[in-house]
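Line order of the protein sequences matches chains X and B.
Each step along the first sequence adds one to the number in UniProt numbering, with nothing skipped, and position 98 is 98.
Each step along the second sequence adds one to the number in UniProt numbering, with nothing skipped, and position 94 is 94.
No residue lacks a Cβ here, since even glycine has one placed at the ideal position from N, Cα and C.
Notes for the one structure printed next.
Number of protein chains: 2
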Amino acid sequence: MKRSLILFAHGARAASWAAPFERLRDGLRAQLPGTPVTLAFLELMEPRLPEAVAAQVADGAADITVVPVFLGQGGHLLRDLPLLAEQIRAAHPGVRLHVAGPIGEDPAVQAAMADYCVRSLS
Amino acid sequence: MKRSLILFAHGARAASWAAPFERLRDGLRAQLPGTPVTLAFLELMEPRLPEAVAAQVADGAADITVVPVFLGQGGHLLRDLPLLAEQIRAAHPGVRLHVAGPIGEDPAVQAAMADYCVRSLS
């Protein structure tokens, strides 16, 4: 089954906000040749998650992993994302949709963030 | 000069959202004995940044580093935070306030996030 990856971020008004997510996507594309990697946003930016999934399905993906590029787990991940995932599964019954935990709760990401804080101390 | 660290995050309605920031703070306290480390929020959660700074200043801090625990650089970091920093500097002229770049743009944090995405692939 062709697998693919969607980085799901909040979205913002300022275009500059998306820069680190685009860099993350570009790095993953280089690291994972043959695995489509695209961005999707909850609000304010395009594409939204259903459109991003539809595009990957049209491209042949049947096993899609969504990584929430969020630091904390608030209402967006506790309510909005499960609802979106449910709608997406109903729209694409042949597709396996796996939703990972938020990136900010990963211990290795936490350790890298702590290191950055220590290095930032003046 | 006594230095201290403030982790500045967005804030959210769900209390669960703050968990990774509290974990980051607790880890840094263990890593940096003698350096006060506290949280501050832009909105929806307490304390806000001016109150967090005032508490550290009352505690003797004179060299405060603020690390924005944000992934992207949108209006909150481009407009709200510089304005807050300006007000804080005016309120505490004897205090050095250093504002770091957003945690999500650090290359080592980016690398850890990329690793997490690869590991999350089903």
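Cβ neighbour criterion (16 or more within 10 Å) applied to residue i
| i | result |
| --- | --- |
| PRO20/X | buried |
| ARG79/X | exposed |
| PRO68/B | buried |
| GLY11/B | buried |
| GLY60/X | exposed |
| GLN110/X | buried |
| ALA58/X | exposed |
| GLN56/B | buried |
| ALA9/B | buried |
Limits of the alpha helix (DSSP H) - the one that residue i falls within
| i | result |
| --- | --- |
| ILE88/X | 81 to 91 |
| ASP115/X | 107 to 120 |
Beta-carbon gap between residue i and residue j smaller than 7 Å
| i | j | result |
| --- | --- | --- |
| MET113/B | ILE103/X | yes |
| VAL95/X | ALA62/X | yes |
| ARG13/X | LEU44/X | yes |
| GLY74/B | TRP17/X | yes |
| ARG89/B | LEU97/B | yes |
| CYS117/X | LEU28/B | yes |
Residue interval of the beta strand (DSSP E) (run including residue i)
| i | result |
| --- | --- |
| ARG29/B | Not the beta strand (DSSP E): ARG29/B falls in the alpha helix (DSSP H), residues 19 to 31. |
| ALA12/B | Note, ALA12/B: premise wrong, no beta strand (DSSP E); not H, not E. |
Where residue i falls: helix, strand or coil (DSSP)
| i | result |
| --- | --- |
| ALA40/X | strand |
| ALA62/X | coil |
| LEU71/X | coil |
| VAL99/X | strand |
Does the segment 74 to 89 of chain B come close enough to the segment 30 to 39 of chain B to have 3 or more Cβ pairs within less than 8 Å? The segment 30 to 39 of chain B and the segment 74 to 89 of chain B do not touch, with fewer than three beta-carbon pairs separated by less than 8 Å.
Give a yes or no on contact between the segment 43 to 51 of chain B and the segment 23 to 34 of chain B, applying the rule of three or more CB pairs nearer than 8 Å. No contact exists between the segment 43 to 51 of chain B and the segment 23 to 34 of chain B.
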